[in-house]
Amino acid sequence: MAKANSKKSPINWPLWTGVAIITILVVAFFTGNRSLVDLYRLRQEISRLQEEKSALEKRNAELLDEIERLQNDPNFIEQKARIEYNLKRPEEDVYKVVPE
């Protein structure tokens, strides 16, 4: 029996190799431990944490200033005692006005 003449189209190996490599690279960029999505999320978290750090450093400076004033400023201590703790001097009378 004679073999049938079936011509196969030649496989373009360089083309398919390139397509496979590009596909693997695209999949690797968007999945896995170091994907682009993960890097984006990490950068967002770093940005948020830096903002939080700045806010905490500012609050820390305010508290240190308040500590300094509480240790050295008697008028500040008196003002804080009156406002936050409703304290008064023995000879004073305090009147609170209640709105109707």
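Following this note's numbering, the numbering of the sequence shown begins with 140 at its first residue and continues without gaps. We put the beta carbon where it would ideally sit given N, CA and C, even for glycine. Being a predicted model, the structure only gives us computed values, none of them experimental.
query                                                                                                                                                 : result
Which of the three DSSP states is assigned to Lys219 in this structure?                                                                               : helix
With Lys192 as the anchor, note down where its alpha helix (DSSP H) starts and where it stops.                                                        : Leu175 to Asn211
So, at 8 Å on beta carbons, what are the nonlocal neighbours of Ile160 in its own chain, with the 5 sequence-adjacent residues on each side left out? : none
Once you ignore the five residues that flank Arg208 on each side, which residues in its own chain have a CB closer than 6 Å to its CB?                : Phe215
Taking 9 Å as the threshold (C-beta atoms), are Val233 and Lys227 in contact?                                                                         : yes
Using only the alpha-carbon positions, how far apart do Thr116 and Arg182 sit?                                                                        : The question about residue 116 has no answer, for the chain in this structure spans 140 to 239.
Nearest-angstrom Cα distance between Lys197 and Pro229?                                                                                               : 38 Å
Quick one: measure Cβ to Cβ for Phe169 and Leu175, integer angstroms, because I've assumed they're closer than 8 Å.                                   : 6 Å
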